[in-house]
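1777 is the number that the working numbering gives the last residue of the sequence shown; the numbers go up by one with no jumps.
Input: a single structure, listed below in C-alpha coordinates.
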Amino acid sequence: MAGFITVIRNTVAELAGRSEPARAGLPAGLPDAVRCVALDSVMMLTGYQSPGYAQLYCDRLRRFVGRRGVDHDMFCEIARLLAIRMSYHDAIRIAQLKLQEMVPGGRLAAVDVRRFRLDELVSALPEIAGEPLMWALEWIGCAHRTVPIRFSTASWLGVRRLQVEASLRRWRLLSVRYATERAWVERWLHMIDRALTKRPEAAAAIVQTATMIEGYGTGYRHGVAAWHQIIDGLAKPVFDGTLVIADLDRAIAEARQVPLDPKGARLRDVIADLRTRSIPAPHGADEIRTG
(Lines of atoms letter the chains of each structure in order from A and count residues from 1; the text may use other names and numbers.)
(Lines give C-alpha, C1' and ligand atoms only; values in the text may rest on other atoms or scores of the structure.)
Protein backbone atom coordinates (compact mmCIF):
# COMPACT_ATOMS: atom_id res chain seq x y z
CA MET A 1 0.00 0.00 0.00
CA ALA A 2 2.85 2.39 0.79
CA GLY A 3 4.17 1.88 -2.74
CA PHE A 4 0.83 2.90 -4.25
CA ILE A 5 0.61 6.01 -2.05
CA THR A 6 4.12 7.05 -3.11
CA VAL A 7 3.28 6.54 -6.77
CA ILE A 8 0.06 8.56 -6.47
CA ARG A 9 1.91 11.39 -4.73
CA ASN A 10 4.62 11.41 -7.41
CA THR A 11 2.06 11.29 -10.22
CA VAL A 12 0.22 14.31 -8.83
CA ALA A 13 3.54 16.14 -8.48
CA GLU A 14 4.38 15.29 -12.08
CA LEU A 15 1.06 16.63 -13.36
CA ALA A 16 1.63 19.80 -11.33
CA GLY A 17 5.03 20.31 -12.95
CA ARG A 18 7.14 19.50 -9.91
CA SER A 19 10.09 17.12 -10.16
CA GLU A 20 12.69 15.58 -7.88
CA PRO A 21 16.14 17.24 -7.83
CA ALA A 22 17.96 13.97 -7.01
CA ARG A 23 20.40 12.51 -9.52
CA ALA A 24 22.07 9.15 -10.01
CA GLY A 25 25.77 8.63 -9.32
CA LEU A 26 28.02 6.65 -11.65
CA PRO A 27 30.06 3.84 -10.09
CA ALA A 28 33.71 4.61 -9.40
CA GLY A 29 36.30 3.15 -11.74
CA LEU A 30 34.37 3.37 -15.00
CA PRO A 31 36.69 3.67 -18.03
CA ASP A 32 36.35 7.02 -19.81
CA ALA A 33 34.70 5.49 -22.89
CA VAL A 34 32.13 3.68 -20.76
CA ARG A 35 31.58 6.79 -18.66
CA CYS A 36 30.46 8.72 -21.75
CA VAL A 37 27.90 6.04 -22.62
CA ALA A 38 26.74 5.79 -19.02
CA LEU A 39 26.27 9.55 -18.62
CA ASP A 40 24.01 9.69 -21.68
CA SER A 41 22.13 6.63 -20.44
CA VAL A 42 21.61 8.08 -16.96
CA MET A 43 20.16 11.25 -18.47
CA MET A 44 17.85 9.22 -20.71
CA LEU A 45 16.69 6.84 -17.96
CA THR A 46 16.06 9.71 -15.55
CA GLY A 47 13.62 11.15 -18.06
CA TYR A 48 12.26 7.73 -18.93
CA GLN A 49 11.45 6.85 -15.33
CA SER A 50 13.22 8.61 -12.43
CA PRO A 51 16.62 9.31 -10.85
CA GLY A 52 16.16 6.18 -8.74
CA TYR A 53 15.71 4.09 -11.87
CA ALA A 54 18.85 5.62 -13.37
CA GLN A 55 20.65 4.68 -10.15
CA LEU A 56 19.55 1.07 -10.63
CA TYR A 57 21.25 1.22 -14.05
CA CYS A 58 24.46 2.44 -12.39
CA ASP A 59 24.26 -0.27 -9.74
CA ARG A 60 23.90 -2.92 -12.43
CA LEU A 61 26.98 -1.61 -14.22
CA ARG A 62 29.04 -1.72 -11.03
CA ARG A 63 29.41 -5.52 -11.16
CA PHE A 64 31.54 -5.23 -14.31
CA VAL A 65 33.97 -2.57 -13.07
CA GLY A 66 37.44 -4.15 -13.08
CA ARG A 67 36.01 -7.52 -14.09
CA ARG A 68 38.52 -9.79 -15.83
CA GLY A 69 37.62 -10.41 -19.45
CA VAL A 70 35.59 -7.21 -19.82
CA ASP A 71 37.51 -4.83 -22.08
CA HIS A 72 36.39 -1.30 -22.86
CA ASP A 73 34.51 -2.27 -26.02
CA MET A 74 32.52 -4.99 -24.26
CA PHE A 75 31.80 -2.73 -21.30
CA CYS A 76 30.53 0.00 -23.64
CA GLU A 77 28.20 -2.50 -25.29
CA ILE A 78 26.91 -3.74 -21.95
CA ALA A 79 26.26 -0.13 -20.88
CA ARG A 80 24.56 0.75 -24.17
CA LEU A 81 22.38 -2.35 -24.43
CA LEU A 82 21.44 -2.28 -20.76
CA ALA A 83 20.10 1.26 -21.17
CA ILE A 84 18.11 0.22 -24.25
CA ARG A 85 16.50 -2.72 -22.49
CA MET A 86 15.76 -0.69 -19.35
CA SER A 87 13.93 1.85 -21.54
CA TYR A 88 11.61 -0.71 -23.11
CA HIS A 89 8.81 0.57 -25.31
CA ASP A 90 5.30 0.67 -23.94
CA ALA A 91 2.42 3.09 -24.58
CA ILE A 92 3.84 5.39 -21.90
CA ARG A 93 7.20 5.52 -23.68
CA ILE A 94 5.60 6.29 -27.04
CA ALA A 95 3.78 9.22 -25.41
CA GLN A 96 7.08 10.47 -23.98
CA LEU A 97 8.81 10.25 -27.36
CA LYS A 98 5.98 12.06 -29.15
CA LEU A 99 6.23 14.93 -26.66
CA GLN A 100 9.99 15.11 -27.22
CA GLU A 101 9.38 15.54 -30.96
CA MET A 102 7.55 18.81 -30.42
CA VAL A 103 9.34 21.97 -31.53
CA PRO A 104 10.36 24.19 -28.56
CA GLY A 105 8.02 27.18 -28.39
CA GLY A 106 5.66 25.68 -30.92
CA ARG A 107 3.96 22.50 -31.92
CA LEU A 108 4.93 19.98 -34.56
CA ALA A 109 1.57 18.63 -35.64
CA ALA A 110 1.73 14.87 -35.94
CA VAL A 111 -0.64 11.96 -35.54
CA ASP A 112 0.90 8.55 -34.94
CA VAL A 113 -1.19 5.40 -34.70
CA ARG A 114 0.47 2.34 -33.14
CA ARG A 115 -0.99 -1.12 -32.73
CA PHE A 116 -0.55 -2.79 -29.35
CA ARG A 117 -1.64 -6.23 -28.23
CA LEU A 118 -4.31 -6.26 -25.54
CA ASP A 119 -2.11 -8.27 -23.17
CA GLU A 120 0.63 -5.70 -23.74
CA LEU A 121 -1.62 -2.82 -22.71
CA VAL A 122 -2.89 -4.72 -19.66
CA SER A 123 0.67 -5.60 -18.63
CA ALA A 124 1.35 -1.87 -18.12
CA LEU A 125 -1.14 -1.87 -15.22
CA PRO A 126 -0.12 -2.52 -11.61
CA GLU A 127 0.05 -6.24 -10.86
CA ILE A 128 -2.94 -6.11 -8.53
CA ALA A 129 -5.15 -5.16 -11.50
CA GLY A 130 -3.09 -6.44 -14.42
CA GLU A 131 -2.82 -10.09 -13.44
CA PRO A 132 -6.60 -10.74 -13.11
CA LEU A 133 -7.25 -8.89 -16.37
CA MET A 134 -4.49 -10.86 -18.10
CA TRP A 135 -6.07 -14.10 -16.93
CA ALA A 136 -9.46 -12.93 -18.23
CA LEU A 137 -8.02 -12.04 -21.65
CA GLU A 138 -6.38 -15.44 -21.92
CA TRP A 139 -9.58 -17.17 -20.84
CA ILE A 140 -11.71 -15.50 -23.53
CA GLY A 141 -8.97 -15.94 -26.12
CA CYS A 142 -8.31 -12.33 -27.13
CA ALA A 143 -5.04 -11.58 -25.33
CA HIS A 144 -3.12 -11.42 -28.61
CA ARG A 145 -5.63 -9.22 -30.42
CA THR A 146 -4.16 -5.88 -31.50
CA VAL A 147 -5.85 -2.51 -31.08
CA PRO A 148 -4.87 0.89 -32.54
CA ILE A 149 -3.72 3.58 -30.12
CA ARG A 150 -3.58 7.19 -31.32
CA PHE A 151 -0.72 9.48 -30.26
CA SER A 152 -1.32 13.03 -31.47
CA THR A 153 0.35 16.42 -31.05
CA ALA A 154 -2.01 18.03 -33.57
CA SER A 155 -4.21 19.65 -30.92
CA TRP A 156 -4.08 20.97 -27.38
CA LEU A 157 -6.25 18.09 -26.22
CA GLY A 158 -3.97 15.57 -27.92
CA VAL A 159 -0.88 17.07 -26.29
CA ARG A 160 -2.54 17.13 -22.88
CA ARG A 161 -3.50 13.48 -23.28
CA LEU A 162 0.12 12.63 -24.11
CA GLN A 163 1.26 14.51 -21.01
CA VAL A 164 -1.13 12.53 -18.82
CA GLU A 165 -0.04 9.25 -20.42
CA ALA A 166 3.64 10.13 -20.00
CA SER A 167 3.09 11.00 -16.32
CA LEU A 168 1.86 7.44 -15.74
CA ARG A 169 5.47 6.31 -15.90
CA ARG A 170 5.35 6.53 -12.10
CA TRP A 171 3.23 3.37 -12.18
CA ARG A 172 5.69 1.41 -14.33
CA LEU A 173 7.62 -0.14 -11.48
CA LEU A 174 4.42 -1.68 -10.10
CA SER A 175 3.36 -3.18 -13.43
CA VAL A 176 3.26 -6.74 -14.73
CA ARG A 177 5.46 -5.72 -17.66
CA TYR A 178 8.16 -4.23 -15.44
CA ALA A 179 8.38 -7.41 -13.36
CA THR A 180 8.94 -9.38 -16.56
CA GLU A 181 11.50 -6.93 -17.93
CA ARG A 182 13.38 -6.80 -14.63
CA ALA A 183 13.65 -10.60 -14.55
CA TRP A 184 14.89 -10.66 -18.16
CA VAL A 185 17.55 -7.98 -17.57
CA GLU A 186 18.83 -9.74 -14.47
CA ARG A 187 19.00 -13.06 -16.30
CA TRP A 188 20.87 -11.49 -19.22
CA LEU A 189 23.41 -9.95 -16.82
CA HIS A 190 23.68 -13.26 -14.96
CA MET A 191 24.41 -15.10 -18.21
CA ILE A 192 27.14 -12.57 -19.04
CA ASP A 193 28.62 -13.24 -15.58
CA ARG A 194 28.52 -16.99 -16.16
CA ALA A 195 30.07 -16.66 -19.61
CA LEU A 196 32.95 -14.60 -18.21
CA THR A 197 33.57 -17.35 -15.65
CA LYS A 198 32.93 -20.47 -17.72
CA ARG A 199 33.49 -19.47 -21.37
CA PRO A 200 34.98 -15.98 -21.62
CA GLU A 201 35.42 -16.25 -25.39
CA ALA A 202 31.61 -16.44 -25.72
CA ALA A 203 30.83 -13.51 -23.41
CA ALA A 204 30.60 -10.98 -26.25
CA ALA A 205 28.07 -13.20 -28.03
CA ILE A 206 25.94 -13.35 -24.89
CA VAL A 207 26.11 -9.55 -24.57
CA GLN A 208 24.87 -9.12 -28.15
CA THR A 209 21.86 -11.39 -27.63
CA ALA A 210 20.14 -8.36 -26.08
CA THR A 211 19.67 -7.01 -29.61
CA MET A 212 17.23 -9.85 -30.30
CA ILE A 213 14.60 -8.05 -28.21
CA GLU A 214 13.26 -4.72 -29.40
CA GLY A 215 10.13 -2.71 -29.97
CA TYR A 216 6.74 -3.92 -28.88
CA GLY A 217 3.89 -6.14 -30.06
CA THR A 218 4.28 -9.50 -31.77
CA GLY A 219 7.87 -8.91 -32.91
CA TYR A 220 8.92 -8.18 -29.34
CA ARG A 221 7.23 -11.34 -28.06
CA HIS A 222 8.89 -13.51 -30.70
CA GLY A 223 12.28 -11.99 -29.88
CA VAL A 224 11.91 -12.75 -26.17
CA ALA A 225 10.84 -16.33 -26.89
CA ALA A 226 13.79 -16.86 -29.26
CA TRP A 227 16.22 -15.44 -26.71
CA HIS A 228 15.09 -17.91 -24.06
CA GLN A 229 15.31 -20.77 -26.56
CA ILE A 230 18.94 -19.96 -27.35
CA ILE A 231 19.94 -19.42 -23.73
CA ASP A 232 18.14 -22.53 -22.43
CA GLY A 233 19.14 -24.70 -25.37
CA LEU A 234 22.78 -23.71 -25.87
CA ALA A 235 24.36 -21.30 -23.37
CA LYS A 236 22.98 -22.52 -20.05
CA PRO A 237 23.64 -26.25 -20.65
CA VAL A 238 27.24 -25.39 -21.57
CA PHE A 239 27.68 -23.28 -18.43
CA ASP A 240 26.05 -26.03 -16.35
CA GLY A 241 28.50 -28.58 -17.74
CA THR A 242 25.79 -30.80 -19.26
CA LEU A 243 26.77 -29.95 -22.85
CA VAL A 244 30.10 -29.26 -24.55
CA ILE A 245 30.14 -26.95 -27.57
CA ALA A 246 33.63 -26.06 -28.76
CA ASP A 247 32.56 -22.84 -30.53
CA LEU A 248 29.70 -21.59 -28.38
CA ASP A 249 29.89 -18.08 -29.79
CA ARG A 250 29.58 -19.44 -33.34
CA ALA A 251 26.67 -21.68 -32.32
CA ILE A 252 24.84 -18.72 -30.79
CA ALA A 253 25.47 -16.65 -33.93
CA GLU A 254 24.14 -19.47 -36.13
CA ALA A 255 21.01 -19.82 -34.02
CA ARG A 256 20.41 -16.08 -34.16
CA GLN A 257 20.36 -16.17 -37.96
CA VAL A 258 17.16 -18.23 -37.94
CA PRO A 259 14.14 -16.10 -38.96
CA LEU A 260 11.62 -15.74 -36.17
CA ASP A 261 8.36 -17.64 -36.42
CA PRO A 262 5.36 -17.63 -34.06
CA LYS A 263 5.94 -21.12 -32.65
CA GLY A 264 9.75 -21.12 -32.75
CA ALA A 265 9.81 -24.46 -34.58
CA ARG A 266 12.62 -23.56 -36.99
CA LEU A 267 14.85 -22.27 -34.21
CA ARG A 268 14.09 -25.35 -32.12
CA ASP A 269 15.24 -27.58 -35.01
CA VAL A 270 18.46 -25.59 -35.50
CA ILE A 271 19.27 -25.74 -31.78
CA ALA A 272 18.61 -29.49 -31.76
CA ASP A 273 21.00 -29.88 -34.70
CA LEU A 274 23.68 -27.79 -32.98
CA ARG A 275 23.33 -29.91 -29.86
CA THR A 276 23.60 -33.11 -31.91
CA ARG A 277 26.83 -31.86 -33.47
CA SER A 278 28.25 -31.00 -30.05
CA ILE A 279 30.24 -33.21 -27.70
CA PRO A 280 27.90 -34.40 -24.94
CA ALA A 281 29.16 -34.14 -21.39
CA PRO A 282 28.66 -37.09 -19.05
CA HIS A 283 25.47 -37.55 -17.04
CA GLY A 284 22.60 -36.01 -18.96
CA ALA A 285 24.04 -34.02 -21.84
CA ASP A 286 20.64 -33.88 -23.51
CA GLU A 287 18.92 -32.34 -20.51
CA ILE A 288 17.89 -28.72 -20.96
CA ARG A 289 17.40 -27.07 -17.63
CA THR A 290 15.65 -23.82 -17.00
CA GLY A 291 16.63 -20.89 -14.82
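We treat Cβ as the ideally placed atom computed from N, Cα and C, and that holds for glycine.
(message) Between A1652 and L1585, how many whole angstroms is the CB-CB distance? I'm expecting something under 8 Å.
(response) Position 166 of the sequence shown, counted from the start, is the residue given in the question as residue 1652. Position 99 of the sequence shown, counted from the start, is the residue given in the question as residue 1585. Right, the Cβ-Cβ distance comes to about 6 Å (below 8 Å), so this counts as a contact.
(request) Would you mind giving the Cβ-Cβ distance between C1562 and V1528, rounded to the nearest angstrom? I have them listed as a contact below 8 Å. (result) Sequence index remark: in the sequence shown, residue 1562 carries index 76 (1-based). Sequence index remark: in the sequence shown, residue 1528 carries index 42 (1-based). Incorrect: roughly 15 Å between the Cβ atoms, too far for contact.
(request) Take A1446 as the anchor and find which of A1581, L1720, R1754 has the nearest alpha-carbon. (result) There is no way to answer for residue 1446, as the model of the chain reaches only from 1487 to 1777.
(message) Assuming P1748 is part of the beta strand (DSSP E), what are its boundary residues?
(response) Here residue 1748 corresponds to residue number 262 of the sequence shown, with the count starting at 1. Premise fails: P1748 is in no beta strand (DSSP E) and is neither H nor E.
(request) Take the Cβ of W1800 as the centre, count every other Cβ of all protein chains shown within 10 Å, and call the residue buried at 16 or more, exposed below. (result) No answer is possible for residue 1800: the residues shown for the chain start at 1487 and end at 1777.
(message) What does the Cβ neighbour count give for E1587, buried or exposed, with the cut at 16 atoms within 10 Å?
(response) In the sequence shown, the residue the question calls residue 1587 occupies position 101. With fewer than 16 other Cβ atoms within 10 Å, it is exposed.
(message) Checking the sheet assignment: what are the DSSP bridge partners for P1634?
(response) Position 148 of the sequence shown, counted from the first residue, corresponds to residue 1634. Paired residue(s): R1601.
(request) Would you list, in sequence order, the uninterrupted alpha helix (DSSP H) runs of no fewer than 4 residues that lie entirely inside the stretch 1675 to 1701? (result) 1689 to 1694
(request) With a threshold of 16 other CB atoms inside 10 Å of the CB of K1749, please say whether the residue is buried or exposed. (result) Taking the first residue of the sequence shown as position 1, residue 1749 is located at position 263. Exposed: under 16 other Cβ atoms inside 10 Å.
(request) Could you please give me the residues that DSSP links to S1661 through a beta bridge? (result) Working through the sequence shown from its first residue, we reach residue 1661 at position 175. In DSSP, S1661 forms a bridge with P1612.
(request) Within 10 angstroms of the Cβ of W1674, are there 16 or more other Cβ atoms? Answer buried if so, exposed if not. (result) One-based indexing of the sequence shown puts residue 1674 at position 188. Per the 10 Å Cβ criterion, buried.
(message) Among A1689, I1699, D1518, whose alpha-carbon lies nearest the alpha-carbon of V1724?
(response) What you label residue 1724 is simply residue 238 of the sequence shown in a count that begins at 1. The candidate whose alpha carbon is nearest that of V1724 is A1689.
(request) Can you say whether L1753 is buried or exposed, counting buried as having 16 or more other CB atoms within 10 angstroms of its CB? (result) Locating residue 1753 in the sequence shown gives position 267, counting from the first residue. L1753 should be labelled buried.
(request) Please report the residue range of the alpha helix (DSSP H) in which F1561 lies. (result) One-based indexing of the sequence shown puts residue 1561 at position 75. From DSSP, the alpha helix (DSSP H) with F1561 extends over 1558 to 1572.
(request) Within 10 angstroms of the Cβ of Q1743, are there 16 or more other Cβ atoms? Answer buried if so, exposed if not. (result) Mapped onto the sequence shown, residue 1743 falls at position 257. So Q1743 ends up on the exposed side.
(request) Closer than 7 Å by C-beta to L1623: which residues in its own chain qualify, once you throw out the five before and the five after it? Chain order, please. (result) Here residue 1623 corresponds to residue number 137 of the sequence shown, with the count starting at 1. Result list for L1623: L1604, D1605, V1608, A1629, in chain order.
(message) Taking 6 Å as the limit between beta carbons, can you name the residues of its chain near R1631, skipping five residues before and five after?
(response) As a first step, residue 1631 is located in the sequence shown; it is residue number 145 there, counting from the start. Residues of the same chain with a CB within less than 6 Å of the CB of R1631, apart from the 5 flanking positions on each side, are L1604 in chain order.
(request) Going by CA-CA distance only, name the one from S1638, A1739, G1515, R1571 that's closest to A1540. (result) Start at 1 with the first residue of the sequence shown, and residue 1540 comes out as number 54. Answer by Cα proximity: R1571.
(request) Starting from I1578, follow the alpha helix (DSSP H) in both directions and report where the run begins and ends. (result) Here residue 1578 refers to the residue found at position 92 of the sequence shown. Here the alpha helix (DSSP H) through I1578 covers 1577 to 1586.
(message) Distance check for L1729 and R1761, CA to CA, integer angstroms please.
(response) Position 275 of the sequence shown holds residue 1761. Position 243 of the sequence shown holds residue 1729. Roughly 8 Å separates the two Cα atoms.
(message) Using only CA atoms, which one of L1531, D1557, S1536, R1546 lies nearest to D1518?
(response) Here residue 1518 is taken as the residue at index 32 of the sequence shown, counted from 1. Selected option, being the one with the closest Cα: D1557.
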